[in-house]
Amino acid sequence: MATVDDKKIIFSMVGLNKTIRQTNKQVLKNIYLSFFYGAKIGIIGLNGSGKSTLMKIIAGLDNQYEGQVVFSPGYTVGYLPQDPFLDPQKTVKEIVQEGTAEAVNALKEYEEINLKFGEPEYYEDPEKMDKLMARQGELQDIIDATDAWNLDSKL
Ligand SMILES: Nc1ncnc2c1ncn2[C@@H]1O[C@H](COP(=O)(O)OP(=O)(O)O)[C@@H](O)[C@H]1O
Ligand SMILES: [Mg+2]
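Okay, so the sequence shown: first residue is 15 according to this note's numbering, each after it adds one.
Structure (structure tokens):
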């Protein structure tokens, strides 16, 4: 954890200018910033004032700028984008389904196990039956925990 005595600067932005080429609009003008180790920083400003542009530059996703962006040795940047990348080839339902993959798989396996209960290979072999029931119990927990029994209608 950082303490109040931690005055180590781990990031600096020095005299940064950014002009959007296509529109020739200067979005960031002569920006100077330094971040202390452990600091939690928010950027506030009106819509269109350049917050997202600034974040992309800090994250290294945009290198069309003048000035300097400096990380102290040993420090890197992580970036959680505001807008997730969505595959344009997929439908909305398919995208949502990706986020429920664990539940979908559990439901599928649960149904497969139900079918196996009717096969002699399983019902004539107590050991296999025990294993099936144990697995079905695990799957049931997953399905209960993710409230997935009505997943199809929810999707
Ligand atoms: N790709 C782009 N093409 C043209 N203008 C852009 C582009 N990206 C950002 N801008 C302009 O740069 C300014 C800053 O945008 P942005 O960084 O998204 O602001 P904020 O996140 O603070 O709302 C806005 O005026 C916007 O219109
Ligand atoms: Mg923004």
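Beta carbons: idealized from backbone N, C-alpha and C, even for Gly.
Nearest by alpha-carbon distance to residue i: which of the options is it?
i	options	result
residue 169	122, 34, 53 and 111	111
residue 166	134, 131, 132 and 117	117
residue 21	32, 53 and 73	53
residue 43	25, 51, 68 and 101	68
residue 151	47, 65 and 121	121
Looking at ligand 3, does it come within less than 7 angstroms of residue i, judged from the CB to the closest heavy atom?
i	result
residue 97	Absence of ligand 3 is noted for the structure shown, with ligand 1 and ligand 2 being the only ligands found.
- Query: Closer than 6 angstroms from C-beta to any heavy atom of ligand 1: which residues, in chain order?
  - Reply: 34, 36, 37, 41, 59, 61, 62, 63, 64, 65, 66 and 67
Only counting runs of 3 or more residues, tell me where the beta strand (DSSP E) segments fall wholly within the stretch 106 to 169, in order along the chain. none
- prompt: In the stretch 15 to 90, which residue ranges form an unbroken alpha helix (DSSP H) of at least 4 residues, counting only runs that do not cross its ends?
  reply: 65 to 72
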